[in-house]
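Numbering (my numbering), first residue to last: -17 to 51. All residues carry an ideal CB built from backbone N, CA and C; glycine is no exception. In this text, all values refer to a predicted model and were calculated from it rather than measured experimentally. Below is one structure, written out as structure tokens; the observations come after it.
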């Protein structure tokens, strides 16, 4: 009896660990997607402003440098 209970307990604990890992991975992916969307929105805004100012290429290069660094 106790051997079976131990095995069941171990399986439950392993499942709980896997669930926590999946939750953490999911949160990390979501945070990464949010950050990427923010960068894309910033880049789109900068490109729009640059086109209006006729300094599109220089400013875009500067914006890319800022995002990378």
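Open item on the list: Does residue 12 come out as helix, strand or coil in the three-state DSSP assignment?
Closed with: Locating residue 12 in the chain shown gives position 30, where the first residue counts as 1. Three-state DSSP puts residue 12 in a helix.
Open item on the list: Measuring alpha carbon to alpha carbon, tell me which residue in 17, 1, -2 and -17 is nearest residue 49.
Closed with: The residue labelled residue 49 in the question sits at position 67 within the chain shown. Here the closest residue by C-alpha is 17.
Task: Length of the line joining the Cα atoms of residue 52 and residue 19 - done: One cannot answer for residue 52 here, as it falls past the ends of the chain, which runs -17 to 51.
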